[in-house]
Structures are given as C-alpha cells and as structure tokens.
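Here is the structure we will look at.
2 protein chains.
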Amino acid sequence: MEIQLDRHSQTTLFEQIYTRMLDRMYQGEWPPGTKLPSQRKLAEQLGVNRSTIIDVLDELKAEGWLESKTGSGTYVAHNSWQTLFPRQYHWKERIRAGIHQPNLQTIQLINEYETKEIIRLGTGELSPSLLPTKQLEEVLQSISLDPRTIGYSEPKGHKALRHAVAVHLQKRGIQTSPDCILIVSGALQALQLISLGLLPQHSTIYYEAPSYIESLHLFQSAGMRLSRLRSGAENITYSKSQKHGLFYTIPTLNNPSGTILTEAERHDLYQHWTNLQIPIVEDDVYNELAFSAIPPAIKSVDTAGNVLYLGSLSKTVSPGLRIGWVVAPEPVVDRLADIKMQFDYGASSFSQLLAATWLASPHHETHMQQLRENLQQRATFTEALLAKHFHNIAVWQKPKGGFYIWLRFHQPLVTKALFLKLLQKGVLLHPGYLYDRDNHHHLRLSFAYASLPELEKGIDLLAQAVKAMTT
Amino acid sequence: MEIQLDRHSQTTLFEQIYTRMLDRMYQGEWPPGTKLPSQRKLAEQLGVNRSTIIDVLDELKAEGWLESKTGSGTYVAHNSWQTLFPRQYHWKERIRAGIHQPNLQTIQLINEYETKEIIRLGTGELSPSLLPTKQLEEVLQSISLDPRTIGYSEPKGHKALRHAVAVHLQKRGIQTSPDCILIVSGALQALQLISLGLLPQHSTIYYEAPSYIESLHLFQSAGMRLSRLRSGAENITYSKSQKHGLFYTIPTLNNPSGTILTEAERHDLYQHWTNLQIPIVEDDVYNELAFSAIPPAIKSVDTAGNVLYLGSLSKTVSPGLRIGWVVAPEPVVDRLADIKMQFDYGASSFSQLLAATWLASPHHETHMQQLRENLQQRATFTEALLAKHFHNIAVWQKPKGGFYIWLRFHQPLVTKALFLKLLQKGVLLHPGYLYDRDNHHHLRLSFAYASLPELEKGIDLLAQAVKAMTT
Ligand SMILES: Cc1ncc(COP(=O)(O)O)c(C=O)c1O
Ligand SMILES: Cc1ncc(COP(=O)(O)O)c(C=O)c1O
Numbered sequence: 001m002e003i004q005l006d007r008h009s010q011t012t013l014f015e016q017i018y019t020r021m022l023d024r025m026y027q028g029e030w031p032p033g034t035k036l037p038s039q040r041k042l043a044e045q046l047g048v049n050r051s052t053i054i055d056v057l058d059e060l061k062a063e064g065w066l067e068s069k070t071g072s073g074t075y076v077a078h079n080s081w082q083t084l085f086p087r088q089y090h091w092k093e094r095i096r097a098g099i100h101q102p103n104l105q106t107i108q109l110i111n112e113y114e115t116k117e118i119i120r121l122g123t124g125e126l127s128p129s130l131l132p133t134k135q136l137e138e139v140l141q142s143i144s145l146d147p148r149t150i151g152y153s154e155p156k157g158h159k160a161l162r163h164a165v166a167v168h169l170q171k172r173g174i175q176t177s178p179d180c181i182l183i184v185s186g187a188l189q190a191l192q193l194i195s196l197g198l199l200p201q202h203s204t205i206y207y208e209a210p211s212y213i214e215s216l217h218l219f220q221s222a223g224m225r226l227s228r229l230r231s232g233a234e235n236i237t238y239s240k241s242q243k244h245g246l247f248y249t250i251p252t253l254n255n256p257s258g259t260i261l262t263e264a265e266r267h268d269l270y271q272h273w274t275n276l277q278i279p280i281v282e283d284d285v286y287n288e289l290a291f292s293a294i295p296p297a298i299k300s301v302d303t304a305g306n307v308l309y310l311g312s313l314s315k316t317v318s319p320g321l322r323i324g325w326v327v328a329p330e331p332v333v334d335r336l337a338d339i340k341m342q343f344d345y346g347a348s349s350f351s352q353l354l355a356a357t358w359l360a361s362p363h364h365e366t367h368m369q370q371l372r373e374n375l376q377q378r379a380t381f382t383e384a385l386l387a388k389h390f391h392n393i394a395v396w397q398k399p400k401g402g403f404y405i406w407l408r409f410h411q412p413l414v415t416k417a418l419f420l421k422l423l424q425k426g427v428l429l430h431p432g433y434l435y436d437r438d439n440h441h442h443l444r445l446s447f448a449y450a451s452l453p454e455l456e457k458g459i460d461l462l463a464q465a466v467k468a469m470t471t
Numbered sequence: 001m002e003i004q005l006d007r008h009s010q011t012t013l014f015e016q017i018y019t020r021m022l023d024r025m026y027q028g029e030w031p032p033g034t035k036l037p038s039q040r041k042l043a044e045q046l047g048v049n050r051s052t053i054i055d056v057l058d059e060l061k062a063e064g065w066l067e068s069k070t071g072s073g074t075y076v077a078h079n080s081w082q083t084l085f086p087r088q089y090h091w092k093e094r095i096r097a098g099i100h101q102p103n104l105q106t107i108q109l110i111n112e113y114e115t116k117e118i119i120r121l122g123t124g125e126l127s128p129s130l131l132p133t134k135q136l137e138e139v140l141q142s143i144s145l146d147p148r149t150i151g152y153s154e155p156k157g158h159k160a161l162r163h164a165v166a167v168h169l170q171k172r173g174i175q176t177s178p179d180c181i182l183i184v185s186g187a188l189q190a191l192q193l194i195s196l197g198l199l200p201q202h203s204t205i206y207y208e209a210p211s212y213i214e215s216l217h218l219f220q221s222a223g224m225r226l227s228r229l230r231s232g233a234e235n236i237t238y239s240k241s242q243k244h245g246l247f248y249t250i251p252t253l254n255n256p257s258g259t260i261l262t263e264a265e266r267h268d269l270y271q272h273w274t275n276l277q278i279p280i281v282e283d284d285v286y287n288e289l290a291f292s293a294i295p296p297a298i299k300s301v302d303t304a305g306n307v308l309y310l311g312s313l314s315k316t317v318s319p320g321l322r323i324g325w326v327v328a329p330e331p332v333v334d335r336l337a338d339i340k341m342q343f344d345y346g347a348s349s350f351s352q353l354l355a356a357t358w359l360a361s362p363h364h365e366t367h368m369q370q371l372r373e374n375l376q377q378r379a380t381f382t383e384a385l386l387a388k389h390f391h392n393i394a395v396w397q398k399p400k401g402g403f404y405i406w407l408r409f410h411q412p413l414v415t416k417a418l419f420l421k422l423l424q425k426g427v428l429l430h431p432g433y434l435y436d437r438d439n440h441h442h443l444r445l446s447f448a449y450a451s452l453p454e455l456e457k458g459i460d461l462l463a464q465a466v467k468a469m470t471t
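These protein sequence lines are chains A and B, in that order.
Residue 66 in the UniProt record's numbering is what sits at position 66 of the first sequence, and the numbering runs on without skipping anything.
Residue 364 in the UniProt record's numbering is what sits at position 364 of the second sequence, and the numbering runs on without skipping anything.
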C-alpha cells in the first residue's frame, strides 16, 4: 500500500492513514472481501509505528469497514451500508470534522464512561441529588393538558413559555418581547441552528480560549473555521471573505474557566464587535449560578440588534427538559424558527408546558437559592481538597459560581496518558486540552456532579497519580 | 439594472431576479441606503410583468433587505444583520434551496394560516378532539421522576422507551433489539439526521410521486438531488456518482395518496433496491391507522440490513410529544445517535418517559381502536360530501385508513389561484402540487383535522369555487 504521508501536516498520521484506507474502499480499489496486508507489513511500508496501524485498523473495524477472520487476517467487510458512506471529502469535513484528533478521542471515551459507574470529576451537569426532582414531579402532576397545546407547535415555541422567558430575562436586564424569543431544544441546538441557518459556509467563528466551543465540532462540520483570539477585544485583521462570522463568548461563568467579565469588559466587547459589524453570540447558560451579584448581560445594552443571546434550563433545572432559548432581532428569530421547523417541527410540547409552568411558579426561585448554596458548599469543600493535595503544584481561582474549577498545574502533566491512567483507576477527567488545544497544564474540575465522598476519593487518586508523575 | 434572465431555465423568473438583486447587495454593489429604480422601470428593463417585480420587492422587504420610505421609493436597508447573511451561493443552496418555487410559497402561507381561525381541509394532523388528551394527562400525572432519568440522556435514547418500541414493533413483524433503535424528536428529525449523517453531498434521493418528501427541502438543503421515479421498482440508470443515495417510500397509507402496497409490491421493492445496494428508507408513521389488516413492514424481511425504518407517535398519539424512532443496523444507529448528540443532546426526557409509560400501558391499544373507528366515520362522512358535490367532476379512492383522500379533478383546476381564492373564503387547502410538482389535478383532503360541520362547510365552499371555474 503506497501512501504519501505528510509529517509536517496539522493532520495526524492516524487521520492521514485512516482517510487513505477509506479512500481505497470508496474508490472501489478495495472492494468487499479484499485482504489487507499484515500489520507489520503496513507499518513497514508506511514507516510508522505498528501501534498507529493497530489504532487505524481498530477504528475501521469498530466502524464496520473491516473485519478480522481469526487466524486469517483483516478483510474489507461485506456490508451493504458501505455504499451509504461518503465518497466525497466534503462529507468527512462536515460530519467527521477532526473526529480523529486526540481531543475527540478523549470526548468519545468521556461519553462512553459517563453512563458507567465511575467517579466523574469533570462532568458539566448537576448531580442527580441537586436536581429539583420532587418539585418537578409536583409541577408535572399539576399540569392539565389542553388538546390544542399538544399538537404541532408554533414555529417559535409555545407562547406561554416565550412569555415566561421574557419575564425571566428581565432579571438579566434584558427587555424583550415573546416575538423575539425562539424556544430551542437546549442551547446546543441554538448553536446548530445558527451554524446552519445564519452563516455562509466559510465563515469564521471568533472566540477566546479556553472555551466550551472548542469541544464542539458543529461549526467545523458546517464548513466554518474556528479562530482563537488572545483577547475577546483583540483587533482582528480579516480579509473580506473572513468577515462573515460571529464572535462567541460566555461572559458569565465561562465554561471551563469560570471567569465573569466585568461590566467594562462587556461594554468593550460589545463596542468592538458591533463596530466590526460582526454579531456576538452571548452564551449565558450559567448566569443564575453566580454566588454573588453579576453585571447585566451584554444583550441588555444591545441597541444595534447585534447580539444573539442564549439561555437554557439545563444547568439550573434539568438537562433532560431540553429547553433553551435564543433572543435576537425578529427576522433572525424567524429565520432560525423556520430552520428549526425543517429540522424537528419544534421542541417537545410537554417540556415546554412543564418549563412554562415551572418558570411561572415560585419553585424556580426557591430552588435556585438552595442550589446556589449547595454549589457554594461543594465549591468550598472541593477547594479544601485542592489546598490539601495541590497547594504547591497547582493554582486555581476561587470559584465565583457555576460548576467548574479551572485547575492549573505548574507542569504540563495533563496528558492523554494521565486521562487514561485515571480512567483505569475509575476516575473520569475532563482534560483542559478539550477546551484549549495543546494546553496540558489545566484540568476542568467540576464540583457539581460527583458526591462529596466521590470528590474526596477522586481527588485523592488524582493527587497520587500526579505525584507519581512529578517525582 | 442589467440582468440576463434565462426564460428556459427551471428556475423561475422570480427566483432569478431575487437572486440577482441579493447578489448586488452581497457584492457591495448596492450598499445600504442605495435607492432602487422604480417598479415600472425595473419591469421595463427586465422585460417582465410588474407583478413579478412587486413579488420580488415584497419578499426582499419582508426579509429585511429592502425598506420603503413613503413617497420616496425603495432603499437597501441599513441593517447590521446583513453581514450575517450569505454571500456565497452555497448557503442559498443549503438553506433556501428552492424556497421561492411556487409550492413553497404555498407552504409558507399554509404555515402562517394553520395557527389562525380557518377551516383546514388538508392538515396532516389529528383533530384536537381525537387526541387522547385525558389519558395522556392521566399517564403524565402517574409518572414518578427518578433524578437519574432527567439528566442528559444516553445517545440512543432512554432504554425503557427503546425497549417499549422494540415490543411495539413486533406487531409490524419487526424483530429488533433496543440497541438497533434510535429515539428521535419525530420522524422528520430522522430524515434530517440521515441527510446530514449518512449521505455524501451529491447523493440522489429516489422516490415515487406523489410523496410527502416533495414538500420537504431538507435533502436539497444538504446538497442532495431528489429523483422522481414512475414506479418504485423502476429500473434506474445511474452513473457511478449517482449511486450514492436512498430510496424513500411510505408503503403504508402513503402521504398524500393513501396507497397501501401489497406484500408482493413490498417484496419487489426490497429486492430491487437491495440488489442495487441502495438502502431503503421505509417511512411507516401511518401504519397503525389502517382500517383493516395490512402486510408486514418491508423491514420485517430485511436480512441484508438494507432498510432504515421510521416510526413516530405524531400521527397516533400526539405530535407535541416529538417522539419517533429509527430502526437500522447498529453501526448506522450509532452514527445517527452521535450526530443527534451533536445537534441537541437527545430528545426530551419528559417526552421519552411519557412515551415509554404510554406504550407500556393498555391506553395505547384502547385509544388506537377508538381512533380508527373515529377516522373511519370521518372518512365515510367526507366521502358522502364528495359524492354529493364532485361525483361528476372528480374521482377518488375509498380511504383505507390514515388521514387523507387524494381527490382528482378531471380538469387541472387546482392552481395557486384556487388556493388563494379559498383562503379568502376562510378555507385552507393543501394543493396536490406540493406533493407532486406540476400536478394541478389533485387536492390532498384530510378527514382527520376539521370538525364535521367544518368539513361540510369547507367542502361546500370548495365545490362552489370549483363550479365557478368549470362553468
Ligand atoms: C457554555 C455552554 N453552552 C451550552 C451548553 C449546552 O447546553 P444545553 O443542554 O442547553 O444544550 C453547555 C453545556 O455543556 C455549556 O456549557
Ligand atoms: C410520511 C410522513 N413522515 C414523517 C412525518 C413527520 O412526522 P413527525 O411529527 O414524527 O416528525 C409526516 C408528518 O407530516 C409524514 O406525513
């Protein structure tokens, strides 16, 4: 097998070999039943480690392209679905964009292990014990259904919910009407709709790392480019073709760093991007989790209609609701609503009913107060553990709310190896490089998910592993 | 304004002019504030009817590109969102694909009027009075929440629901396991996931008209081509590049024709497409609504793993649930699940819980029996009205179930004009050309949505309008 490998490319050897092997199959050069050269031979021919070959073959087997016959070798599988899979690079770009970069392999492992019995030290979700389960059940049981509300929904979502969200947002300083609100199936879907609905294909998504957005691939899948800035108000130089795009920011309790921008910083960002005529996506899903007062949303000063504001009930009430919202100028909301109708005919009416009833009830405020207290206690508890184990080898900021501590080790020891080592010990980590490429100093710790004994045990195991590496 | 219009193109003049005007704006040739020539002048310059110009200008105004200043003319709007909208043709292809063809203007009107007080003679939805509202409420109120089920969901959906669906599908002759089932937010989303997840960009979607699929644009938006066949088992000739694709079919109670394929026809389809190594998407959302016994699903004989089977609770229980399913080989289900996670982190847990409890309860069977009886009565009632008004000017098949009568007028009088005329009289029609391009003989009548007095009145108004046209 002859392959030109480019050792200076940004694309890993894994991905280059993987792609070329798929090409062979797509182009009919390796029809079903073809026997592949041995692992040893492939490694020799390509001049790479045998482990790389094994990784590629394992991946192709897992995906059903190849099959092993015991004692006889590896074959191209007889699988009629093959014709379904893409021949064009284009598809790969869109759906598999970067899927074989190391960080995504980590995410696949995280997804796999998140449903298993394991100590989850980085999970971005409330512990089941912190969810207002009883209160939700009460609200659920109080709902009386109207047959007109359980048919296909209005494109923008149930009016009662949009109304409740409009009222809810007044606390963030946002004055808006139900017409400018779109109900989405979680804030993630909002990003998906924006990506497919509002941007031309080669747009640029600007952001400041570390950011949640680096762990997603939806913009790349739609043919967009992510562009990291050193600072959100950095003076970007762009060619005309790059001008199309967005600035994405999480100004309150950033995932993963926990940072809260000051009012002045918010103001600067708003001015900067509005002057550039580049819209801002303000992702505000953590705002209700701040331990003390925070500045108003950027959206609250948006007289130019330049800000798309995202919110969600996932981080405060229940991720399973799949209820979030976008606030934007009406034509934008209409456009996104039209696309949502083409995707899934709207969000679940039952979730919408429950969310509307919940937000209009006193449950929400009572729950939030309690939740913030609980999170504060967990943060203090976790900080004490960090102080005990890591005081001379790492630093961190005192959490101001939310779920996360962005723990920085003096040494760049947060590697895939550390991740795998802890996995073996029954601890699931969220390495910093998921949110900040090539950063091996940071871990995203979450004090929101694991129980206190699990936090204690997990951090202890982490400390042992780290100490074994540093001494 | 100089524009080369192509009068032999498949693209309408409307769309050609619309596109060129947008180009002017995208390319900075018409910056914000530019004053446009008068309507009269534009019509003259382009050699088209003034009404076409007015339509284009109205559309561009509605979309916020243009604005009128009273007494002064039409201007390119000052709107910072402008930079968001696409400069590339690509975006237009993807999202606005064909959006300005006459049929879609009709759909936009339908969507707009479906939320208004109007007699809806074609709506593809159960009447609110036919929904099992009380029983759903009962089930809802019986649900006790487990905090572990209201967090982020497993990629394929709640195990309990997948299990309930597997049991449910045995009635269709389908033996499958929960591992090969993906829960989706309605069958529409399944098509979206297939379109973005399994097909390379220039794939072909084969289907037999009339079909629901002609009223959707999601495949075209993803860069695919729809290809109508005269018969589902037609011998297609395709070049290698066209080979990638799917055959889409609604073998039971086709939307809109109501046809039910025989067992032999199903068998032929299966053999035909499986031999071609082109997968089949079997859309079976209406199967439980047949008035008498029907052949098993195509999926039930699918030993080759060549069929993607779609189901939904929208047509039987509640569209607002947004619960549907895909049954497919496990690697395909895994791939679609992974994409769904990237889109919206899974379907609403509350809908999933409700659906699982509902399907496992005796409510479902009781409701379905009652529903079929009600639909049968409505069908008979509607047929009597047709016999009274249309016996010598139209033909139709006796409905075998579902929602629809595919009414064929001898004369091609089902035009946009008829649609608009009835709209004025307070009656919303679903013209046949939405499901079968260029067909002006058919109407999709629905006996499922309007109340009996509304059906009577609506069909009477339709008959008057039709008679005025034919005499
Ligand atoms: C910053 C940020 N935005 C959006 C989301 C997605 O939330 P939802 O569950 O509302 O889709 C998350 C969750 O991980 C997040 O951290
Ligand atoms: C044939 C067919 N498939 C799929 C759908 C979409 O149904 P759902 O509400 O499950 O997305 C419809 C509804 O109009 C339909 O008629």
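Where a beta carbon is used, it is the ideal one built from N, C-alpha and C, also for glycine.
Bear in mind that the values here come from a model prediction, so they are computed numbers and not experimental data.
#1: Taking 7 Å as the cut-off, does the CB of A/V285 come closer than this to any heavy atom belonging to ligand 1?
#2: So which residues on chain A does B/E125 lean against when the C-beta distance must stay under 9 Å?
#3: Report the three-state DSSP secondary structure of B/T52 (helix, strand or coil).
#4: When you compare the CB positions of B/V76 and B/W65, do they come within less than 8 Å of one another, or not?
#5: Using a cut-off of 8 Å between C-beta atoms, extract the partners of A/H217 located in chain B.
#6: Taking Cβ-Cβ distances shorter than 8 Å, what residues in chain A pair up with B/P147?
#7: Can you grab the Cα-Cα spacing for the pair A/S68 / A/K61, in whole Å?
#8: Does the Cβ-Cβ distance between residue 478 of chain B and B/F390 come in under 8 Å?
#9: Go ahead and pull the three-state DSSP assignment for A/I250.
#10: How about the stretch 368-384 of chain A and the stretch 442-456 of chain A: do they share at least three Cβ pairs that are nearer than 8 Å?
#11: Taking all protein chains shown into account, do 16 or more other C-beta atoms lie within 10 angstroms of the C-beta of B/G71, making it buried, or fewer, making it exposed?
#12: Measuring from the CB of B/P431, is there a heavy atom of ligand 2 at a distance below 7 Å?
#13: Along the chain, where does the beta strand (DSSP E) that runs through A/D268 open and close?
#14: In three-state DSSP terms, what is A/G64?
#15: Can you pull the chain B residues whose beta carbon is under 9 Å from the beta carbon of A/Y345, in chain order?
#16: If you count every other CB in all the chains shown that lies within 10 Å of the CB of A/Q189, and 16 or more means buried, which is it?
#17: Quick check: B/W325 and B/I183, are their CB atoms within less than 8 Å of each other?
#18: Cα separation between A/E44 and A/M21?
#19: From the beta carbon of B/I143, is the nearest beta carbon of chain A less than 8 Å away?
#20: Is any heavy atom of ligand 1 found at a distance shorter than 7 Å from the C-beta of A/L188?
#21: When you compare the CB of B/F350 with every CB in chain A, is at least one pair closer than 8 Å?
#22: Ligand 2 and A/P155: does the residue's C-beta get closer than 7 Å to at least one heavy atom of that ligand?
#23: How many whole angstroms separate the CB atoms of A/R172 and A/D284, which I take to be in contact at a CB cut-off of 8 Å?
#24: Mind checking if B/P331 is an interface residue toward chain A, Cβ cutoff 8 Å exclusive?
#25: What residues from chain B crowd round A/Q192, counting only those whose CB sits closer than 9 Å?
#26: Answer yes or no: does any C-beta atom of chain A fall closer than 8 Å to that of B/G73?
#27: Strictly below 9 Å CB to CB, what residues from chain B border A/L136?
#28: Is it buried or exposed for B/S215, if we count other Cβ within 10 angstroms and need 16 for buried?
#29: Does any residue of chain A have a CB that is nearer than 8 Å to the CB of B/T19?
#30: A/F409 and A/H363: beta carbons closer than 8 Å?
#31: In angstroms, rounded to a whole number, what distance separates the CA positions of B/A468 and B/E373?
#32: Quick one: what's B/G245 bridged to in DSSP?
#33: Mind listing which residues of the stretch 32-64 of chain B have their C-beta closer than 8 Å to chain A's C-betas, in chain order?
#34: How about A/L359: is its C-beta nearer than 8 Å to some C-beta of chain B?
#35: Please list, in chain order, all residues of the same chain as B/E454 whose beta carbon is under 6 Å from its beta carbon, the five residues on each side excluded.
#36: So is B/Q342 buried or exposed if we call it buried at 16+ other beta carbons inside 10 Å?
With the given structure in hand:
#1: Walking along the first sequence from the start, residue 285 of chain A turns up at place 285. Distance from the C-beta of A/V285 to the nearest heavy atom of ligand 1 is below 7 Å.
#2: Working through the second sequence from its first residue, we reach residue 125 of chain B at position 125. Using a Cβ-Cβ cut-off of 9 Å, B/E125 is close to G151 and Y152 of chain A, given in chain order.
#3: Along the second sequence, read from residue 1 onward, the residue named residue 52 of chain B stands at position 52. Assigned with DSSP and collapsed to three states, B/T52 falls in helix.
#4: For this step, residue 76 of chain B is matched to residue 76 along the second sequence. For this step, residue 65 of chain B is matched to residue 65 along the second sequence. One thing to note: B/V76 has its Cβ within 8 Å of the Cβ of B/W65.
#5: For the purposes of this step, residue 217 of chain A is taken as residue 217 along the first sequence, with counting starting at 1. Per Cβ cutoff of 8 Å: Q342.
#6: For the purposes of this step, residue 147 of chain B is taken as residue 147 along the second sequence, with counting starting at 1. The contacting residues are P128, S129, L131 and T133.
#7: Start at 1 with the first residue of the first sequence, and residue 68 of chain A comes out as number 68. Start at 1 with the first residue of the first sequence, and residue 61 of chain A comes out as number 61. Their Cα atoms are separated by approximately 8 Å.
#8: An answer regarding residue 478 of chain B cannot be provided, because it is not within the stretch 1 to 471 covered by chain B.
#9: Working through the first sequence from its first residue, we reach residue 250 of chain A at position 250. Coil, per DSSP.
#10: Yes, the stretch 368-384 of chain A touches the stretch 442-456 of chain A.
#11: Residue mapping note: residue 71 of chain B aligns to position 71 of the second sequence, counting from 1. B/G71 should be labelled exposed.
#12: The count along the second sequence starts at 1 and reaches residue 431 of chain B at position 431. For ligand 2, not one heavy atom lies less than 7 Å from the Cβ of B/P431.
#13: The residue you call residue 268 of chain A lines up with position 268 of the first sequence. Run containing A/D268: none in the beta strand (DSSP E); it sits in the alpha helix (DSSP H), E263 to N275.
#14: Taking the first residue of the first sequence as 1, we reach residue 64 of chain A at position 64. A/G64 sits in coil when the DSSP states are folded into three classes, being neither helix nor strand.
#15: For the purposes of this step, residue 345 of chain A is taken as residue 345 along the first sequence, with counting starting at 1. What A/Y345 touches in chain B: S185, G186, L188, Q189, S314, P319 and R322.
#16: For the purposes of this step, residue 189 of chain A is taken as residue 189 along the first sequence, with counting starting at 1. A/Q189 is buried by the Cβ-count criterion.
#17: In the second sequence, counting from the first residue as 1, residue 325 of chain B sits at position 325. In the second sequence, counting from the first residue as 1, residue 183 of chain B sits at position 183. With a cutoff of 8 Å on beta-carbon distance, B/W325 and B/I183 are scored as near each other.
#18: Taking the first sequence and counting its residues from 1, the one referred to as residue 44 of chain A is at position 44. Taking the first sequence and counting its residues from 1, the one referred to as residue 21 of chain A is at position 21. Distance between the alpha carbons of A/E44 and A/M21 is about 16 Å.
#19: Position 143 of the second sequence, counting from 1, holds the residue named residue 143 of chain B. Contact of B/I143 with chain A is assigned, a C-beta pair being separated by under 8 Å.
#20: For the purposes of this step, residue 188 of chain A is identified with residue 188 of the first sequence, where counting begins at 1. Yes.
#21: Along the second sequence, read from residue 1 onward, the residue named residue 350 of chain B stands at position 350. Output row for B/F350: interface = yes.
#22: Here residue 155 of chain A is taken as the residue at index 155 of the first sequence, counted from 1. No - ligand 2 has no heavy atom lying nearer than 7 Å to the Cβ of A/P155.
#23: Counted from its first residue, the first sequence places residue 172 of chain A at position 172. Counted from its first residue, the first sequence places residue 284 of chain A at position 284. About 7 Å; that satisfies the 8 Å criterion.
#24: For this step, residue 331 of chain B is matched to residue 331 along the second sequence. Under the Cβ criterion of 8 Å, B/P331 is counted among the residues facing chain A.
#25: If you number the first sequence from 1, residue 192 of chain A lands on position 192. Here the neighbours are Q342, F343 and D344.
#26: By one-based count along the second sequence, residue 73 of chain B stands at place 73. Not one chain A Cβ lies under 8 Å of B/G73.
#27: One-based indexing of the first sequence puts residue 136 of chain A at position 136. Within chain B, the residues L145, I150 and F350 have their CB atoms less than 9 Å from the CB of A/L136, given in chain order.
#28: Translated into positions along the second sequence, residue 215 of chain B becomes position 215. Under this definition B/S215 is a buried residue.
#29: On the second sequence, position 19 is the one that residue 19 of chain B refers to. False, the Cβ-Cβ gap to chain A never drops below 8 Å.
#30: Taking the first sequence and counting its residues from 1, one reaches residue 409 of chain A at position 409. Taking the first sequence and counting its residues from 1, one reaches residue 363 of chain A at position 363. Going by C-beta atoms, A/F409 is not nearer than 8 Å to A/H363.
#31: One-based indexing of the second sequence puts residue 468 of chain B at position 468. One-based indexing of the second sequence puts residue 373 of chain B at position 373. Rounded to the nearest whole angstrom, the C-alpha separation of B/A468 and B/E373 is 36 Å.
#32: Taking the first residue of the second sequence as position 1, residue 245 of chain B is located at position 245. Answer by DSSP bridge pairing, in chain order: B/T204.
#33: Interface annotation for the stretch 32-64 of chain B against chain A: E63 and G64, criterion Cβ-Cβ distance under 8 Å.
#34: Your numbering for residue 359 of chain A matches position 359 in the first sequence. No, no contact with chain B.
#35: Looking up residue 454 of chain B in the second sequence gives position 454. When the five nearest sequence neighbours on each side are left out, the beta carbons in the same chain lying within less than 6 Å of the beta carbon of B/E454 are those of I119, in order along the chain.
#36: Taking the first residue of the second sequence as 1, we reach residue 342 of chain B at position 342. Here B/Q342 is buried. Its C-beta has 16 or more other C-beta atoms within 10 Å.
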